[in-house]
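Asker: Keeping their order, the protein sequence lines are chains G and R.
So the first sequence is numbered by this note's numbering: it starts at 3 and just counts up by one.
So the second sequence is numbered by this note's numbering: it starts at 3 and just counts up by one.
Note that the Cβ used here is the ideal one computed from N, Cα and C, for glycine as well.
Model, not experiment: these values are computed from the prediction.
Structure incoming, see below.
There are 2 protein chains.
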Amino acid sequence: MSKLPSLKNLSYLLALHQHQNFNRAAQACNVSQSTLSSGIQNLEEQLGCQLIERDHKSFLFTGMGEEVVEQARQILTSTEELLYFAQSQGKIMEGPLRLGCIPTIAPFLLGDLTKKLKADHPKLQLSIREDTTVNLLNLLRNGELDVLVLALPVDLQGNQSYVLGRDPFKLVMHSSLAEKLAEPVQYNQLPDNSIFLLEKEHCLTGHAVSACELADSSKINPFTATSLHSLVQMADAGLGATFIPQMAIDRGILNGTDLVALQPSGQQASREIGLIYRPTTNRRTTFRKLAECIAELLPEPLLK
Amino acid sequence: MSKLPSLKNLSYLLALHQHQNFNRAAQACNVSQSTLSSGIQNLEEQLGCQLIERDHKSFLFTGMGEEVVEQARQILTSTEELLYFAQSQGKIMEGPLRLGCIPTIAPFLLGDLTKKLKADHPKLQLSIREDTTVNLLNLLRNGELDVLVLALPVDLQGNQSYVLGRDPFKLVMHSSLAEKLAEPVQYNQLPDNSIFLLEKEHCLTGHAVSACELADSSKINPFTATSLHSLVQMADAGLGATFIPQMAIDRGILNGTDLVALQPSGQQASREIGLIYRPTTNRRTTFRKLAECIAELLPEPLLK
DNA sequence: TATGTTCAATTAGTATTTCCGATTATGTTA
DNA sequence: TAACATAATCGGAAATACTAATTGAACATA
Chain G
3 MSKLPSLKNL SYLLALHQHQ NFNRAAQACN VSQSTLSSGI QNLEEQLGCQ LIERDHKSFL
63 FTGMGEEVVE QARQILTSTE ELLYFAQSQG KIMEGPLRLG CIPTIAPFLL GDLTKKLKAD
123 HPKLQLSIRE DTTVNLLNLL RNGELDVLVL ALPVDLQGNQ SYVLGRDPFK LVMHSSLAEK
183 LAEPVQYNQL PDNSIFLLEK EHCLTGHAVS ACELADSSKI NPFTATSLHS LVQMADAGLG
243 ATFIPQMAID RGILNGTDLV ALQPSGQQAS REIGLIYRPT TNRRTTFRKL AECIAELLPE
303 PLLK
Chain R
3 MSKLPSLKNL SYLLALHQHQ NFNRAAQACN VSQSTLSSGI QNLEEQLGCQ LIERDHKSFL
63 FTGMGEEVVE QARQILTSTE ELLYFAQSQG KIMEGPLRLG CIPTIAPFLL GDLTKKLKAD
123 HPKLQLSIRE DTTVNLLNLL RNGELDVLVL ALPVDLQGNQ SYVLGRDPFK LVMHSSLAEK
183 LAEPVQYNQL PDNSIFLLEK EHCLTGHAVS ACELADSSKI NPFTATSLHS LVQMADAGLG
243 ATFIPQMAID RGILNGTDLV ALQPSGQQAS REIGLIYRPT TNRRTTFRKL AECIAELLPE
303 PLLK
């Protein structure tokens with residue numbers, strides 16, 4: 003059996019891939035450019051294949067190179083996790099944990115969550131990143147985040163997940179508009195263009211439309227908002243109705259408005275909240291515990 | 003960030019875990035005993051925790067040590083896969099592939115499979131291990147096998163799987179016994195102790211009993227057989243009836259006997275065949291292709 | 001109780017590997 | 001064309017990994 007590539011050389015390759023420049027990559031690794039250069043050559047020799055095409059002056063990762071980068075990333079992340087795990091003496095709820103969360107969940111969950119974690123697991127150092135689903139999945143893949151809180155269903159891309167619970171959708175509108183409506187609200191009672199949604203980057207839109215069986219798109223106003231708070235503002239101004247998740251309502255997003263929350267039609271008018279992590283992780287017990295903490299804070303916990 | 007442990011030291015740890023003896027482990031690694039000894043100490047220092055308890059003369063892995071072994075195994079397997087992947091230039095259907103299969107599938111599948119693979123992927127070097135489900139799962143976890151063909155349902159223990167297809171159960175008995183029976187056969191038409199099964203190590207027994215809704219255990223003869231072939235012998239001798247999977251019948255296991263195969267009662271009287279692999283693998287495309295090859299050979303392919 | 005054996009740790013010396021700084025080769029920009 | 005940027009190469013220094021031999025402790029046995 004030929005010799006295994008060294009983790010060091012694999013990390014050089016990752017740095018090179020990230021910086022696309024030998025000097026900057028070398029700097030990032032705290033080694034000289036020559037070291038990194040020969041490290042890469044070494045790696046190519048050991049792996050018996052070309053990882054980057056040298057094009058006099060510049061270079062380009064080969065297809066194989068990209069593949070190796072991908073696999074190397076996984077190996078290095080695992081090793082880092084092993085190191086961290088051992089150094090923290092297996093104390094699973096201590097040390098750094100990098101969590102990503104989407105904007106339609108974060109403001110209504112993370113306040114309570116950090117409070118709870120600070121109380122129950124004071125040595126856990128939670129860092130939080132708020133971003134869209136696709137961006138978060140990329141960061142998870144790159145090892146820049148450890149775990150995500152997303153709304154399901156979502157293409158897991160090979161990641162694993164815990165389903166944490168359900169979060170019902172409510173149809174929110176000004177009280178004056180709501181008077182003559184019966185629950186669950188049938189959408190054909192509403193005027194055209196009267197439902198406002200978030201811009202399409204937010205998965206909430208798609209989830210709400212399908213969960214609430216809102217097939218008739220003529221009801222949807224083409225103007226899109228960028229946050230739940232602005233949706234609430236628009237509804238409060240009497241522009242129309244919108245879907246707001248229960249957890250946002252529970253955390254008082256409608257306080258100080260004249261809005262009412264009605265039950266929309268749709269068999270299962272809700273979204274699921276899930277915790278997503280890399281299939282290759284070895285911090286499953288940590289994530290499981292975190293999942294339990296989060297599930298308790300959801301409107302309808304569902305953790306198996 | 004502290005320095006990552008080296009793969010070399012991790013492999014020393016694995017060898018030590020396997021051989022439970024510094025000398026033999028060192029031999030297995032082709033290094034001297036002192037090298038291995040200091041490698042382990044090195045590792046303990048880097049990880050900042052005790053991995054083995056030295057008890058003058060002998061030693062014992064600590065709980066943390068066992069954990070680290072587990073994670074190290076995964077890292078090393080991934081790295082080996084990376085090396086193999088690169089060296090084979092990404093030719094996914096070439097080189098060694100170590101497959102495990104249970105005894106109630108192997109004889110009726112692997113002949114055709116090897117024939118097919120030899121034709122379609124002549125450079126694939128398939129090695130086969132036949133063993134019980136639990137043993138195979140252990141070998142998969144240890145990285146000694148790459149992929150398993152098992153009957154489902156089974157506790158995957160965190161592994162991933164493709165469902166390949168269904169394999170119906172048939173109730174097999176001597177033609178003279180079958181004459182007065184209507185299909186699907188109701189078990190209360192059969193005398194007590196008239197159904198013979200495999201010994202309990204074989205998952206076939208449990209699968210058949212539950213799939214065929216054979217609740218009344220008084221029908222089951224307490225004598226158990228060790229292979230499908232002996233079950234067939236016993237049935238042919240007129241001792242009683244037994245469950246035989248369709249794929250065994252298709253491959254002629256009843257040839258030369260006076261046995262007939264009847265439809266047993268039970269909503270879904272069949273077992274599923276699945277391909278199992280480590281969640282941390284990076285040979286998914288290979289396994290997917292293999293899954294397709296195998297599915298084609300099953301009585302009822304079902305691969306999504 | 002003495003003697004030999006087994007096993008892991010230690011030590012000291014050697015071999016190997018890794019790394020850096022300087023230099024070179026090549027292309028790009030001013 | 002000069003100045004600059006980039007990656008490869010080279011030679012020597014520093015770090016490391018490795019071995020053989022030794023030590024010491026535990027155990028078996030005569």
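(1) The alpha helix (DSSP H) that contains R/Y86, what's its start and end?
(2) With distance defined between alpha-carbon atoms, name the residue in R/H176, R/T283 and R/E203 nearest to G/N160.
(3) G/K172 and G/Q248: beta carbons closer than 9 Å?
(4) With a CB to CB cut of under 7 Å and the five nearest residues on each side skipped, what residues in its chain are close to G/S229?
(5) For G/V136, is the classification buried or exposed, using 16 other Cβ atoms within 10 angstroms of its Cβ as the cut-off for buried?
(6) Would you mind stating whether G/L154 and G/G268 have Cβ atoms separated by less than 9 Å?
(7) Between G/A227 and chain R, is there a C-beta pair that is closer than 9 Å?
(8) Report the rounded CA-to-CA distance for R/S196 versus R/K221, giving the unit in angstroms.
(9) For the candidate residues G/R168, G/N144, G/G145 and G/E146, whose alpha-carbon lies nearest to that of G/L152?
(10) Find the nearest neighbour of G/L206 within the set G/V149, G/A271, G/V70 and G/R100, judged by alpha-carbon distance.
(11) Nearest CA to the CA of R/F198: which residue from R/H209, R/A227, R/S177 and R/Y189?
(12) Is it a yes or a no for the region 13-24 of chain R touching the region 120-136 of chain G, going by three-plus beta-carbon pairs under 8 Å?
(13) Helix, strand or coil for G/M249, going by three-state DSSP, please let me know.
(14) I want to know whether the region 36-45 of chain R touches the region 288-305 of chain G - three or more CB-CB distances under 8 Å.
(15) Let me make sure I understand the geometry here. Which of G/D194, G/L300 and G/V211 has the alpha-carbon closest to that of G/N223?
(16) Please work out which residues of its chain come closer than 7 Å, Cβ to Cβ, to G/L300, disregarding the five sequence neighbours upstream and downstream, and give them in chain order.
(17) At 3 residues or longer, and completely inside the region 164-218 of chain G: list those beta strand (DSSP E) runs for me, N to C.
(18) Tell me whether R/R285 sits in a helix, a strand or coil according to DSSP, three-state version.
(19) Looking only at its chain, what residues have a beta carbon closer than 7 Å to the beta carbon of G/E69, apart from the 5 residues adjacent to it on each side?
(20) Less than 9 Å between the C-beta atoms of G/I130 and G/R100, yes or no?
(21) Does the beta carbon of G/I107 fall short of 8 Å from some heavy atom of the ligand MN?
(22) Figure out for me which residue from R/D157, R/P7 and R/A88 has the closest Cα to the Cα of G/G67.
(23) Which residue marks the beginning of the alpha helix (DSSP H) containing R/D114, and which one marks its end?
(24) So, is the C-beta of R/Q162 closer than 9 Å to a C-beta in chain G?
(25) Rounding to the nearest angstrom, what Cα-Cα distance links R/D260 and R/A210 in this structure?
(26) Using beta carbons (cut-off 9 Å, strictly below), is R/E146 in contact with chain G?
(27) Taking contact to mean at least 3 C-beta pairs separated by less than 8 Å, is the region 3-12 of chain G in contact with the region 40-47 of chain G?
(28) Run through chain G and tell me which residues come within less than 8 Å of R/S129, C-beta to C-beta.
(29) Using the C-alpha atoms, what's the distance from R/L128 back to R/T2?
(30) Excluding five sequence neighbours on each side, which residues of the same chain lie with their C-beta closer than 8 Å to the C-beta of G/P281?
(31) Counting only Cβ-Cβ distances shorter than 9 Å, please list the residues of the region 67-88 of chain G near chain R, keeping chain order.
(32) If we call anything under 9 Å between Cβ atoms a contact, is G/V174 one with G/A243?
(33) Run through DSSP, which three-state label would G/S8 get?
(34) In chain G, what lies closer than 7 Å to R/L49 by C-beta?
(35) Would you decide whether R/R56 is buried or exposed? Buried here means 16 or more other CB atoms lie within 10 Å of its CB.
(36) Applying the 10 Å Cβ sphere with the 16-neighbour rule, what's the burial state of R/S13?
Answerer: On the basis of the coordinates in this document:
(1) Looking at the DSSP string, the run of the alpha helix (DSSP H) that includes R/Y86 is G65 to Q89.
(2) Sequence check: residue 160 of chain G is Gly here, not Asn. Cα-wise, what sits closest to G/G160 is R/T283.
(3) yes
(4) P105
(5) exposed
(6) Cβ atoms of G/L154 and G/G268: not closer than 9 Å.
(7) So no, G/A227 is outside the interface.
(8) Taking the straight line joining both Cα atoms gives about 6 Å.
(9) G/R168
(10) G/A271
(11) Looking at the Cα atoms, R/A227 is the closest of the given residues.
(12) Not touching, per the Cβ criterion.
(13) Residue state for G/M249 is assigned as helix, using DSSP reduced to three classes.
(14) no
(15) G/D194
(16) Within the same chain, G/L300 has close Cβ partners L166, G167, D169, M249 and I275.
(17) 197-200
(18) coil
(19) Once the five neighbours on either side are set aside, G/E69 has no close Cβ partner at all.
(20) yes
(21) The model depicted lacks the ligand MN and carries no ligand whatsoever.
(22) R/A88
(23) A108 to D122
(24) yes
(25) 22 Å
(26) No, R/E146 lies away from the interface with chain G (no Cβ there is under 9 Å from its Cβ).
(27) yes
(28) The premise fails here: R/S129 is roughly 15 Å from chain G at the closest Cβ pair, so nothing lies under 8 Å.
(29) Given a span of 3 to 306 for chain R in the structure shown, any question on residue 2 of chain R remains unanswerable.
(30) G160, N161 and Q162
(31) If the cut-off is 9 Å between Cβ atoms, the region 67-88 of chain G has E69, V70, E72, Q73, A74, Q76, I77, L78, S80, T81, E82, E83, L84, L85, F87 and A88 near chain R.
(32) yes
(33) coil
(34) L85, A88 and Q89
(35) exposed
(36) buried
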